[in-house]
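Residue numbers (the working numbering): 36 to 318.
Even for Gly, the Cβ is constructed at its ideal location relative to N, Cα and C.
So the structure is just underneath, and the comments pick up after that.
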Ligand SMILES: [Zn+2]
C-alpha cells in the first residue's frame, strides 16, 4: 500500500509530466489514485495539471462524494470511478487529451491495430469508445466494457484514459498510446503504415499477457486463438490485406523533399497562378 503523502507527490509529479509531454494543456485532464483505505485521491475541477499543488487534490469516496480537501472533484471523475469499479486491479487512472491520438479518432482512423511489436506485447490494442458528451454518466458507463479488457482506451474526439497498478504505470500507458500515434502518423505521412502479420501479432499478445499480465479478462484469453486481439486484427494479414478501418491506407500528406532540380508546378497550381495573373491584369 502506497501512503497518501507519496501518492500526492506522484499525482503532482505526473500531472506536470503530462503537461510537459504535451499530453494535455490548460485545465484539461484529471489524475487519480486509490488510497490505502479505498477512497480516491484526485485532482479538483478547474486546475492546471502542469502546476498542481497539494491544495488541488481532493479525496472522494467510491460514489464520487467529497470527503476532504478544497474545491470540488470534476464531473469527469465518473470515468475514473467506472475504471476502479470495473478493474479491482487498478490503483491509478489518468485522463488526458493527447493531440495526435485524438486526431486519429477525429479522422476515423482506428488505433486498435497491431503495428509496433512492443506495444502489442505490453499494451495490446487501443480501442476507441464511441462519442458521448463529456462529464456525463453515459460516457462513464460506455467506458466500462472497454476498460474491462484494455489498459488504455481512446474516447472519440475527446481524449484518452489509461489505467495502472501505479500512477507511473498509468502514465507509461498514456505516453505509449501517444508515441504509437506519432510513429503511425509519421509512417502514414511517408506513404503508409504496415501492420504486423496476424499470426505474429497474436503470438506477441499471448506472450505479453502471460509475461507482463494485463486486464484479468484479457489474460483469460491469452491461450485462445488470436489472444485478446479484436477480430479485425485476427482477420488481417498485414499490409497486403489492409482492413478498411485499419491504418494501412496512406494519407494524402507528404513530407517536404529537397531536390536538386526545380520542381515543376502541378497543373492545379499553374491554373491558380494563371488566374491570379489574369485578375491582376484586369484591374
Ligand atoms: Zn477530457
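So that I know if they touch, is there some Cβ in chain B lying closer than 8 Å to that of residue 192? The chain labelled as chain B is not found in the depicted structure, where only one protein chain is given.
Measuring CA to CA, which of 97, 83, 38, 198 is closest to residue 181?
Here residue 181 refers to the residue found at position 146 when the chain shown is read from its first residue. If you compare the alpha carbons of 97, 83, 38, 198 with that of residue 181, the shortest gap goes to 198.
Requested in this report: Could you tell me which residues DSSP puts in a beta bridge with residue 130?
Outcome: By one-based count along the chain shown, residue 130 stands at place 95. Looking at the DSSP assignment, residue 130 forms a beta bridge with 65, 196.
Legend entry - 8 Å Cβ cutoff met for residue 70 and residue 42: In the chain shown, residue 70 corresponds to position 35, counting from 1. In the chain shown, residue 42 corresponds to position 7, counting from 1. Between residue 70 and residue 42, the C-beta spacing is below 8 Å.
Report task. Give me the Cα-Cα distance between residue 194 and residue 130, rounded to the nearest whole angstrom. Result -> Working through the chain shown from its first residue, we reach residue 194 at position 159. Working through the chain shown from its first residue, we reach residue 130 at position 95. Cα to Cα, residue 194 sits roughly 7 Å from residue 130.
query = In chain order, which alpha helix (DSSP H) runs of at least 4 residues are fully inside the segment 169–254?
reply = Along the length of the segment 169–254, whole alpha helix (DSSP H) runs at least 4 residues long occupy 172–184, 202–224, 233–247, 251–254, reported in chain order.
Quiz item: Can you tell me the Cα-Cα spacing of residue 191 and residue 77, whole angstroms?
Solution: Here residue 191 corresponds to residue number 156 of the chain shown, with the count starting at 1. Here residue 77 corresponds to residue number 42 of the chain shown, with the count starting at 1. Roughly 24 Å separates the two Cα atoms.
> By the 10 Å Cβ neighbour count, where 16 or more other Cβ atoms means buried, how is residue 38 classified, buried or exposed?
Replying inline: Residue mapping note: residue 38 aligns to position 3 of the chain shown, counting from 1. Residue 38 comes out exposed.
Handout entry: Residue interval of the beta strand (DSSP E) (run including residue 77)
Key = Here residue 77 corresponds to residue number 42 of the chain shown, with the count starting at 1. 75–78 is the span of the beta strand (DSSP E), which, as asked, contains residue 77.
* To do: With DSSP collapsed to three states, give me the class of residue 103.
  => Taking the first residue of the chain shown as 1, we reach residue 103 at position 68. Three-state DSSP puts residue 103 in a strand.
For this session: Label residue 68 either buried or exposed according to how many other C-beta atoms from any shown protein chain fall within 10 Å of its C-beta, with 16 as the threshold for buried.
Result: As a working mapping, residue 68 is identified with position 33 in the chain shown. Residue 68 counts as buried, since no fewer than 16 other beta carbons sit within 10 angstroms of its beta carbon.
Is the separation between the beta-carbon of residue 188 and that of residue 150 shorter than 8 Å? For the purposes of this step, residue 188 is identified with residue 153 of the chain shown, where counting begins at 1. For the purposes of this step, residue 150 is identified with residue 115 of the chain shown, where counting begins at 1. Inclusion of residue 188 and residue 150 in the CB contact set at 8 Å is not warranted, their separation being larger than that value.
Query raised in the report: Quick one: is the Cβ of residue 214 within less than 7 Å of any heavy atom of ligand 1?
Result: Your numbering for residue 214 matches position 179 in the chain shown. Result no, Cβ not under 7 Å from ligand 1.
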